[in-house]
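Engineer: Have a look at the structure that comes next, please.
Protein chains: 2
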Amino acid sequence: MSSASADFTKYLTTMAGRVDKALHRFLPAEKIAPQTIHKAMRYSVFAGGKRLRPILCIAAAEACGGDAERAMPAACAVEVLHTYSLVHDDLPCMDDDDLRRGRPTCHKVFGDGMAVLCGDALLTEAFYILAETQATPRYRSDVFIKELALTSGSRHLIGGQVMDLEGEGKSLNKAQLVLIHKAKTAALLTTSLRLGAMAVNATPAKLAALTTFGQALGLAFQIIDDILDVTQSTEVLGKTAGKDANVDKATYPAIVGLEKSRKEAAALTKKAMDALTVFGKKAGHLHQLADFLLARNY
Amino acid sequence: MSSASADFTKYLTTMAGRVDKALHRFLPAEKIAPQTIHKAMRYSVFAGGKRLRPILCIAAAEACGGDAERAMPAACAVEVLHTYSLVHDDLPCMDDDDLRRGRPTCHKVFGDGMAVLCGDALLTEAFYILAETQATPRYRSDVFIKELALTSGSRHLIGGQVMDLEGEGKSLNKAQLVLIHKAKTAALLTTSLRLGAMAVNATPAKLAALTTFGQALGLAFQIIDDILDVTQSTEVLGKTAGKDANVDKATYPAIVGLEKSRKEAAALTKKAMDALTVFGKKAGHLHQLADFLLARNY
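Structure representation (structure tokens):
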């Protein structure tokens, strides 16, 4: 391992640790009544996730020359929101998944009703946590709330899951699949970056650059997820492999082929990298995160 | 019908109409993609509800001497949030109800997965709409968001549903049932009032009086709901009557008896009324709302 990659691995570990610590502080304690829901929330949030979205949020704040700590509420909010979307997506009436991050999914442990409530509670908590963000001269509190609500609402994150549900068993074209991937993945990655930047009062120009970066990176990320689903084992993924193909769900490799999928992911990552020029050396961690996402095999 | 009660009936109708108009403006149009989710959201919100929570929100703003229009985003937010909680509560994995406000429930029309997503989208939208509230000298934007998130989160609204789910088939005592009713009903009614008052910059003393009013009224309201469930027909209620008893769910009449339930509801309403003294004549509509809730039989 090179010294640069050792440093980056250390950065990821350190940041994930700081995010976990903040999440422990923000989430209701297990002993608070009713305990079952607080256990379910913590079971789902502390399931060994990579904390990719919060780290993007913090790295964006750094790229804008700001204090990472100011981005921490937003970082935790996007992770809690992401977790809610996984808990609900895994439900039997949705994607019906038993395994997530190598462990039984929330509804397998706590039951379907409790998993619905756990997701609801995490979604609600995400807004509470986000409201802890200090307003800046350029961005008032309501701007943060609207950014997250719009991205995670019926037009984007939830809209993507709707298209996903409605697309099962149907033959989707590439444009339709890109639309789903943008809504389900790229939108929240982009918002993670934007919220981090807004928390440190980023200029509109820097916010625009992060938006381009996030949209390209997000699509690349999801294409790679599709590739891994068809090429890796359940053991390596920590979730059911080949799931998408099994339920006849459209994937990028199925539509454009594996090789072309890999090339498109690489081209998108290049596009993402180019958008970082405006930040100069301060975008070092964002560059490394993009590299990391393209090269990952788990 | 007396002239006062005719005036009040007109007030309710006028206000419900204004709230509906604002809801139409705030909610995404049905033609926005993906259309299914936006149809499901509007199907659930425009189902002939009484708009009790938004009207309480607006009446609280009036009682504090403020402009009702300033409370409109908060009024719509609490109604949208209330609707999400009904959509999820009606799911087969929760209370499993087929009928709501005289119409098939969301999951009966759109399917279970879509109903989960519809509830998620309404919950998310509630925070977007609430963020439209203008901050006041006393209350910043983040205070409104935290008020709603806390009330609707795992400690209160969702927590109440958790206790409800866990209590089914078990013998609850009166204290436990009161805890559920406070969490599931009184908390959101109280927050509806508080948000309306905060939107017009109410003094802390007035906010405290509304809190007392809301908590007493909310418990009275839920006791009456329990009474109606055992005394009225499905046709009159517009939802399945006797449902609670059928699934062996604890109700107020079952624990303390019908007559005592009625007396407690009346005593709580009296307590609520007393809390309104500080507002003088400006609390006229809040008084009438409390009267209306105690006397209702549908």
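If you read the protein sequences in the order shown, they are chains A and B. Residue numbering for the first sequence follows the numbering used here, starting at 6 and increasing by one per position. Residue numbering for the second sequence follows the numbering used here, starting at 6 and increasing by one per position. The beta-carbon is built from N, C-alpha and C at its ideal position, and this holds for glycine as well.
Taking the alpha carbon of alanine 288/A as the reference point, which residue from Ile63/A, Arg47/A and Arg56/A has its own alpha carbon closest?
Structural biologist: One-based indexing of the first sequence puts residue 288/A at position 283. Measuring C-alpha to C-alpha distances from alanine 288/A to each of Ile63/A, Arg47/A and Arg56/A identifies Ile63/A as the nearest.
Engineer: Name the residue from Lys265/A, Asn178/A, Leu298/A and Leu273/A whose alpha carbon lies nearest to the alpha carbon of lysine 254/A.
Structural biologist: Translated into the one-based positions of the first sequence, residue 254/A becomes position 249. Closest by alpha carbon: Asn178/A.
Engineer: Could you compute how far the alpha carbon of tyrosine 303/A sits from the alpha carbon of phenylalanine 226/B?
Structural biologist: As a first step, residue 303/A is located in the first sequence; it is residue number 298 there, counting from the start. As a first step, residue 226/B is located in the second sequence; it is residue number 221 there, counting from the start. For tyrosine 303/A, the predicted structure reports a pLDDT of 45, less than 50, and the residue's modelled location is therefore unreliable. A value from the coordinates is still provided. Each residue's alpha carbon lies about 53 Å from the other.
Engineer: Taking only beta-carbon atoms, is valine 205/B less than 7 Å away from chain A?
Structural biologist: As a first step, residue 205/B is located in the second sequence; it is residue number 200 there, counting from the start. No, valine 205/B lies away from the interface with chain A (no Cβ there is under 7 Å from its Cβ).
Engineer: Which same chain residues, not among the five before or five after leucine 273/B, have their C-beta less than 6 Å away from its C-beta?
Structural biologist: As a position in the second sequence, residue 273/B is number 268, starting the count at 1. Contacts found: Ala221, Leu224 and Ala225.
Engineer: Where does aspartate 279/B land, buried or exposed, given buried means 16+ other C-beta within 10 angstroms?
Structural biologist: Position 274 of the second sequence, counted from the start, is the residue given in the question as residue 279/B. It counts as exposed.
Engineer: Just to make sure I have the definition right: I need the residues of chain A whose C-beta is within less than 7 Å of the C-beta of threonine 41/B. Which are they?
Structural biologist: As a working note, residue 41/B is residue 36 in the second sequence. By Cβ distance, chain A contributes Val167 and Glu171.
Engineer: Where does proline 97/B fall in DSSP's three states?
Structural biologist: Residue mapping note: residue 97/B aligns to position 92 of the second sequence, counting from 1. The answer is coil: DSSP assigns proline 97/B none of H, G, I, E or B.
Engineer: Using a Cβ-Cβ cut-off of less than 7 Å, give me the residues of the region 131–147 of chain B that come near chain A, in sequence order.
Structural biologist: So the close ones are Phe132, Tyr133, Ala136, Arg145, Ser146 and Asp147.
Engineer: Which residue or residues does DSSP assign as beta-bridge partners of arginine 105/A?
Structural biologist: Locating residue 105/A in the first sequence gives position 100, counting from the first residue. Arginine 105/A pairs with Arg108/A.
Engineer: Anything in chain A within Cβ reach of lysine 151/B, meaning under 8 Å, just list it in chain order.
Structural biologist: Counting from 1 along the second sequence, the entry for residue 151/B is found at position 146. Per Cβ cutoff of 8 Å: Tyr133 and Ala136.
Engineer: Count the CB pairs spanning the region 146–154 of chain B and the region 132–151 of chain A that are closer than 8 Å, and state whether there are at least three.
Structural biologist: yes
Engineer: Beta-carbon separation of alanine 73/A and leucine 215/A under 7 Å?
Structural biologist: For this step, residue 73/A is matched to residue 68 along the first sequence. For this step, residue 215/A is matched to residue 210 along the first sequence. Their beta carbons are not under 7 Å apart, which means alanine 73/A does not touch leucine 215/A by this criterion.
Engineer: Between isoleucine 163/A and chain B, is there a C-beta pair that is closer than 7 Å?
Structural biologist: On the first sequence, position 158 is the one that residue 163/A refers to. Yes, contact with chain B.
Engineer: Could you list which residues in chain A have their beta carbon closer than 8 Å to that of histidine 5/B, in chain order?
Structural biologist: Any property of residue 5/B remains undetermined from this structure, which presents chain B solely from 6 to 303.
Engineer: Using only the alpha-carbon positions, how far apart do isoleucine 229/B and glycine 116/A sit?
Structural biologist: As a position in the second sequence, residue 229/B is number 224, starting the count at 1. As a position in the first sequence, residue 116/A is number 111, starting the count at 1. Rounded to whole angstroms, isoleucine 229/B to glycine 116/A spans 31 Å at the Cα level.
Engineer: Do we get a CB-CB distance below 7 Å when we pair leucine 128/A with the residues of chain B?
Structural biologist: In the first sequence, the residue the question calls residue 128/A occupies position 123. Leucine 128/A counts as touching chain B.
Engineer: On the DSSP letters alone, give me the boundaries of the alpha helix (DSSP H) that arginine 16/B sits inside.
Structural biologist: Here residue 16/B refers to the residue found at position 11 of the second sequence. Checking the displayed sequence, the identity of residue 16/B turns out to be tyrosine instead of arginine. Per DSSP, tyrosine 16/B belongs to the alpha helix (DSSP H) from 8–31.
Engineer: If the criterion is Cβ atoms closer than 7 Å, does the pair isoleucine 42/B and alanine 126/B meet it?
Structural biologist: As a position in the second sequence, residue 42/B is number 37, starting the count at 1. As a position in the second sequence, residue 126/B is number 121, starting the count at 1. Yes, these two residues count as a Cβ contact at 7 Å.
Engineer: Judging by CA-CA distance, which residue of Ser49/B, Thr141/B and Val85/B is the nearest neighbour of arginine 105/B?
Structural biologist: Counted from its first residue, the second sequence places residue 105/B at position 100. Nearest option by C-alpha distance: Ser49/B.
Engineer: Determine the burial state of phenylalanine 284/B: buried for a count of at least 16 other Cβ atoms within 10 Å of its Cβ, exposed for fewer.
Structural biologist: Here residue 284/B is taken as the residue at index 279 of the second sequence, counted from 1. So phenylalanine 284/B counts as buried.
Engineer: Using a C-beta cutoff of 7 Å, does serine 49/B count as contacting chain A?
Structural biologist: As a working mapping, residue 49/B is identified with position 44 in the second sequence. No, serine 49/B lies away from the interface with chain A (no Cβ there is under 7 Å from its Cβ).
Engineer: In whole angstroms, what is the alpha-carbon distance linking cysteine 81/B and isoleucine 134/B?
Structural biologist: Along the second sequence, read from residue 1 onward, the residue named residue 81/B stands at position 76. Along the second sequence, read from residue 1 onward, the residue named residue 134/B stands at position 129. Straight-line Cα distance between these residues: approximately 7 Å.
Engineer: Could you list which residues in chain A have their beta carbon closer than 8 Å to that of serine 157/B, in chain order?
Structural biologist: Within the second sequence, numbered from 1, the residue matching residue 157/B stands at position 152. Correct list: Thr129.
Engineer: I want to see whether chain B comes within less than 7 Å of glycine 118/A, judged by CB atoms only; does it?
Structural biologist: For the purposes of this step, residue 118/A is identified with residue 113 of the first sequence, where counting begins at 1. Closer than 7 Å to some Cβ of chain B, the Cβ of glycine 118/A qualifies, so yes.
Engineer: With a Cβ-Cβ cutoff of 7 Å, do valine 167/A and leucine 122/B count as a contact?
Structural biologist: Residue mapping note: residue 167/A aligns to position 162 of the first sequence, counting from 1. Residue mapping note: residue 122/B aligns to position 117 of the second sequence, counting from 1. Contact flag set, yes.
Engineer: Excluding sequence positions up to five away, which residues of its chain have a Cβ less than 7 Å from the Cβ of threonine 110/A?
Structural biologist: Looking up residue 110/A in the first sequence gives position 105. For threonine 110/A, where only same-chain residues beyond five positions count, the Cβ hits under 7 Å are Asp95, Asp102, Asp103 and Leu104.
Engineer: Under the rule that 16 or more other beta-carbon atoms within 10 Å means buried, what is arginine 30/A, buried or exposed?
Structural biologist: Translated into positions along the first sequence, residue 30/A becomes position 25. Flag for arginine 30/A reads exposed.
Engineer: Alpha carbon to alpha carbon, what distance is there between lysine 55/B and leucine 186/B?
Structural biologist: Within the second sequence, the letter at position 181 stands for residue 186/B. Within the second sequence, the letter at position 50 stands for residue 55/B. The residue you asked about is not leucine; residue 186/B is histidine in the sequence shown. Histidine 186/B and lysine 55/B: Cα-Cα distance of roughly 20 Å.
Engineer: Which stretch, first to last residue, makes up the alpha helix (DSSP H) that contains serine 159/B?
Structural biologist: Residue numbering aside, residue 159/B sits at position 154 when the second sequence is read from its first letter. Premise fails: serine 159/B is in no alpha helix (DSSP H) and is neither H nor E.
Engineer: Find out if the Cβ-Cβ distance for the pair proline 59/B, valine 24/B is shorter than 7 Å.
Structural biologist: Indexing the second sequence from 1 puts residue 59/B at position 54. Indexing the second sequence from 1 puts residue 24/B at position 19. Yes; because the gap between Cβ atoms is below 7 Å, this pair is in contact.
Engineer: Does DSSP put glutamine 237/B in a helix, in a strand, or in coil?
Structural biologist: Indexing the second sequence from 1 puts residue 237/B at position 232. The DSSP-derived three-state label of glutamine 237/B is coil.
Engineer: In chain A, which residues lie with their C-beta within 7 Å of the C-beta of cysteine 98/B?
Structural biologist: On the second sequence, position 93 is the one that residue 98/B refers to. Here the neighbours are Asp117, Gly118 and Val121.
Engineer: Beta carbons nearer than 8 Å to chain A: which residues of the region 22–46 of chain B have them?
Structural biologist: Pro33, Ile37, Ala38, Pro39, Thr41, Ile42, His43 and Met46
Engineer: Output the boundary residues of the alpha helix (DSSP H) element that contains glutamine 181/B.
Structural biologist: In the second sequence, the residue the question calls residue 181/B occupies position 176. 179–186 is the span of the alpha helix (DSSP H), which, as asked, contains glutamine 181/B.
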